[in-house]
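The structure appears below as structure tokens.
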Amino acid sequence: MKLGQFTLCQCRPRLRTRVLATSIGIILLFSIALAALINKLYQQNSMAAYSRDLASQIPMVMAQLSKDGLIRADQLTAWIQSLDPSSSDYMSVLCTPDNHTLWTSRDVQAFNIDDICTLIPNEAKKPQYLSIAGFNVVAQRLSSEKQPGESENRLFVLRNVDKQKQQLADLEAETWFYISLLFVSASALVVAACHWSFSPLRRLARELIAITESRQQTLDNDYPDELQDVTQALNRMITQREKQKSRYRHAMDDLAHSLKTRLSATNALLDDNHLSREQLNKRILEQVSQMDDMVQYQLKRALVGQCGLKREDSPLTAPIDSLTGMLDKAYRDKPVKVVRAFDESASLPVHRSDLMELLGNLLENAYRFCLETVQIRLDDHGEVWQLAIEDDGPGVPAQYRESIFQRGVRADQLNPGTGIGLAVCDEIIASYDGNIHASDSPLQGAAFVLTIPKR
């Protein structure tokens, strides 16, 4: 199968080959047609010139007839009498109606051919090429219509065209030479033009290779107009791929961060000797269920992005109960008092998985840094909800209050952490057109305030 696929790929025609073959084929056809046309036109012009020459030689023919006694001298003008037929390369033949030779000029007699009239067509209104005794001649009848009282004999004028045919052959050879030269030159120009025209495609291939090897991020924008749609589409695809990779990478980081707290709570449950087997199993199953929900949530975020999650009203009390119960186990060595400053029936327009992730990260930070008190406060500000998670810990230094929402940035370098939790909160709340910021808490610690539009 692979061998067949490879063979098929190798036999697939290349775009450059198609363009070259088409262009050179067109040039070849036009070159052949041009050469044939030039030769045909020259032959026609040569034939017409010979026809005019034959007509102009009538006085010479009359002079030959006069010298042979076929026409009385007193019937000819003085200028015809003065002509010398021997100085002409034209020959004359007088034929009877039954194709017998009645008279020939001296040049024809040199051929030593009996009944030459049998070799000449009865009608030769146009010049015709004939081969007589190894010579090539052109023949034309001077008069093709018989007038009343005139003889029925036919008078033909002949001329040797061997020299003319040689000239035509030389011209044809020269024509084909220059046409071939033109064809080669035009083909070379087509190849050069094709090479130059396809240079953007070669550059596109090089840039795509550079992108696959991580030596370049996106394609350049200085491509011809014909390739702009292609390069822009490729850039969008590359950007989407990078965003997808980034989402998967962030999702894995977020998943690891989210599971860390739940694994700590699970370990705390296993170390709690006051729980019965039934209670322990129930608590562990709760943690496993939460971890499974978290895995599904992060995979969905990686697949469709944060904006792909459906907005819905989620109760605030249930996730807080679940999270505080888990964190109480994880931080059992530090009793924490949780103050709830909100209506127990309150809900927020946030997907329940997003709300669980937000509260989990913020409450875990509050438990870690507080001395003994964590406060959860929800205020209604008309068009927005304002949710605040406060603690009585050391607070957040002013110089870190913006940067801590970037991935990998931590204000506290003493305690272990990844610097991911607050960045996740910022991404989630931004997808709901809200915002999050850090400030000072009335409890003398840190306050993380979330502003969430109601719709």
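The opening position of the sequence shown corresponds to residue 1 in the UniProt record's numbering, with each subsequent residue numbered one higher. The C-beta atom is built at its ideal place from N, Cα and C for all residues, glycine as well.
Bridge-paired residues (DSSP) for residue i
| i | result |
| --- | --- |
| R340 | I376 |
| L354 | Per the sequence shown, the amino acid found at residue 354 is Asp instead of Leu. Partner(s): none; D354 has no beta bridge. |
| I132 | F135 |
| H437 | V449 |
| Q386 | D379 and T451 |
| D391 | V374 |
| T101 | C95 |
| P315 | S347 |
| F405 | Note: F405 sits in no beta bridge, so no partner. |
| E90 | In the sequence under discussion, the amino acid at residue 90 is Tyr, which differs from the Glu named in the question. The partner list for Y90 (beta bridge, DSSP) reads R159. |
| Q140 | V157 |
Residues of its chain near residue i, where Cβ-Cβ distance is below 6 angstroms and the 5 sequence neighbours each way are ignored
| i | result |
| --- | --- |
| G445 | D391, D392, G393 and G395 |
| F6 | Confidence at F6 is low in this model, with a pLDDT of 38, below 50, so its placement is unreliable and the value that follows should be read with caution. Correct list: empty, nothing qualifies. |
| T231 | L219 and Y223 |
| R352 | S314 |
| L378 | F342, A346 and L387 |
| R12 | In this predicted model, R12 has a pLDDT of only 49, less than 50, meaning its place in the structure is not dependable enough to derive any value. |
| S31 | I179 and F183 |
| N221 | none |
| Q167 | none |
| G308 | Because G308 sits at a pLDDT of 46, beneath the cut-off of 50, its placement in the model cannot be relied upon, and the following sentence gives the value as read from the coordinates. Cβ neighbours of G308 beyond the five flanking positions: none. |
Given residue i as reference, the closest of the options once Cα atoms are compared
| i | options | result |
| --- | --- | --- |
| E312 | R249, Q164 and D354 | D354 |
| S347 | W196, D292, E427 and K454 | K454 |
| L269 | L201, E357, L204 and R283 | R283 |
| C95 | N365, D115 and R106 | D115 |
| S199 | Y178, P224, R215 and I179 | P224 |
| S389 | A341, L29, S322 and Q279 | First, the residue type needs correcting, since residue 389 is Ile and not Ser in the sequence shown. Cα-wise, what sits closest to I389 is A341. |
| H250 | C425, L280, N39 and D333 | C425 |
| I376 | T104, D253 and P319 | P319 |
| Q399 | E427, R407, S439 and A430 | S439 |
| R215 | N221, E207 and T17 | E207 |
| Q296 | L316, Q279 and M252 | M252 |
| L280 | L20, N267 and D292 | N267 |
| S345 | D333, Y331 and D321 | D321 |
| Q128 | F448, G134, L119 and A139 | A139 |
| P121 | R277, Q290, V339 and D98 | D98 |
| C370 | D379, E357, M356 and V339 | V339 |
| Q429 | L443, S441, M356 and H381 | As written in the sequence, residue 429 is Ile, which differs from the Gln given in the question. The residue with the shortest Cα to Cα distance from I429 is M356. |
| C263 | W176, M291, L316 and S92 | Before going further, note that residue 263 is Leu rather than Cys in the sequence given. Ranking the options by Cα distance to L263, first place goes to M291. |
| V350 | Q166, S431, Y90 and L422 | S431 |
| Q287 | L34, V374, K40 and T324 | T324 |
| G134 | E402, E278, N112 and G360 | N112 |
| A256 | L234, K245 and Q298 | Q298 |
| Y178 | N39, R401, D380 and G360 | N39 |
| I132 | L155, R154, D107 and Q244 | D107 |
| S246 | R407, A36 and L204 | R407 |
| F448 | N221, G382 and G360 | G360 |
| L316 | L358, K329 and G25 | L358 |
| E372 | A169, L443 and D271 | L443 |
| residue 464 | L181, H437 and E278 | It is not possible to answer for residue 464, since the shown part of the chain is limited to 1 through 455. |
Sequence-distant residues of its chain with Cβ nearer than 8 angstroms to residue i (five each side left out)
| i | result |
| --- | --- |
| I27 | F183, A186, S187 and V190 |
| L327 | T261, A265, V336, L363, E364 and Y367 |
| L275 | L269 and R283 |
| C194 | R16, V19, L20 and S23 |
| L285 | none |
| L227 | P200, L201 and L204 |
Same chain only: Cβ atoms within 7 angstroms of residue i, ignoring 5 sequence neighbours per side
| i | result |
| --- | --- |
| V137 | L130, L158, R159, N160 and V161 |
| T451 | V384, Q386, G434 and N435 |
| I238 | I211 and T218 |
| I171 | At residue 171 the sequence reads Leu, which differs from the Ile that was named. Contacts found: Y42. |
| L119 | L130 and I132 |
| D254 | Q298, I420 and V424 |
| L176 | The question names Leu, but residue 176 in the sequence shown is Trp. A35. |
| H100 | D115 and C117 |
Residue i Cβ short of 7 angstroms to the ligand HEM heavy atom set
| i | result |
| --- | --- |
| R277 | With respect to the ligand HEM, the structure offers nothing, as it holds no ligand at all. |
Secondary structure, alpha helix (DSSP H): runs of 4+ residues fully inside the UniProt domain "HAMP" (195-246): 199-212
What are the uninterrupted segments assigned as alpha helix (DSSP H) that are 4 or more residues long and contained completely in the stretch 262-309, given in chain order? 277-304
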